[in-house]
Amino acid sequence: MPAASAGASPAPSGPDVDALYQAHWRYLVRLATLMVDDVASAEDVVQDAFVALHRRSASLRDPDAALGYLRTSVVNLSRSVLRRRQTARKHLKVAEPEATAGADHDVLLRDEHRAALEAVRRLPRHQREVLILRYWSGLSEREIADTLGISAGAVKSAASRGMATLHTTLRTTLGGGS
Numbered sequence: 001m002p003a004a005s006a007g008a009s010p011a012p013s014g015p016d017v018d019a020l021y022q023a024h025w026r027y028l029v030r031l032a033t034l035m036v037d038d039v040a041s042a043e044d045v046v047q048d049a050f051v052a053l054h055r056r057s058a059s060l061r062d063p064d065a066a067l068g069y070l071r072t073s074v075v076n077l078s079r080s081v082l083r084r085r086q087t088a089r090k091h092l093k094v095a096e097p098e099a100t101a102g103a104d105h106d107v108l109l110r111d112e113h114r115a116a117l118e119a120v121r122r123l124p125r126h127q128r129e130v131l132i133l134r135y136w137s138g139l140s141e142r143e144i145a146d147t148l149g150i151s152a153g154a155v156k157s158a159a160s161r162g163m164a165t166l167h168t169t170l171r172t173t174l175g176g177g178s
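By UniProt numbering, the letter at position 83 of the sequence shown is numbered 83, and the numbering carries on one by one without gaps.
Below is the structure:
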């Protein structure tokens, strides 16, 4: 019996990474894009998350939790991208280039949508992450808490503060009065 056949195949109980990739890649790239505000970096983040899942797939305790693992990886890797950018700006004193979105990105957005996206981007990181996961990804408070490694109460608090800030900012920006 050839030595290559012994233990060469992956554990059948691990998640089907290819199927997860086909089903969730676009969703995860959109999530990462909202977090890092750059499609190329978002694609790198998602690729790294899938590579990490593939490496850990045999040791994953619950294969059904693979999407949650990927979502948490995307959030954490996005945070790392933002930290690296901040460090580069701080230490290298490089002027940040203007974001260059695809031709169809802002063309389709109305002024209100652009103002809302900009207001979300200006929120503190914690509030921004909670609101993106809650309202864009449609996750429950428990799922957000698990993804971010915080309590459900902290999710509620961050969502409430973030929504209050957005309400005030958009009222001022869009001229809705006091």
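Glycine residues also receive a C-beta, built at the ideal position from the N, C-alpha and C atoms. All of these numbers come straight from a predicted model, not from anything done at the bench.
Asked	Found
Less than 7 Å between C-beta atoms, sequence neighbours within five positions excluded: which residues of the same chain meet that for S78?	A32, M35, V36, V45
Out of R128, V39, V81, D18, which has the shortest C-alpha to C-alpha gap to V155?	R128
Give me, in chain order, the residues of the same chain whose beta-carbon lies closer than 8 Å to that of R125; leave out the 5 immediate sequence neighbours on both sides.	R79, L82
What is the rounded straight-line gap between the Cα of S59 and the Cα of S41?	28 Å
If you draw a straight line from the alpha carbon of E143 to that of R61, how long is it in whole angstroms?	18 Å
Could you tell me which of R121, G153, L70 sits nearest to D16, measuring between CA atoms?	L70
Checking 8 Å against the spacing of the C-beta atoms, do L174 and E112 come in under that value?	yes
Measuring straight from C-alpha to C-alpha, what distance separates L28 and L117?	18 Å
Do G14 and S57 have their C-beta atoms closer together than 8 Å?	yes
Looking at the secondary structure, which residues open and close the alpha helix (DSSP H) in which A58 lies?	Careful: A58 lies outside any alpha helix (DSSP H) and carries neither H nor E.
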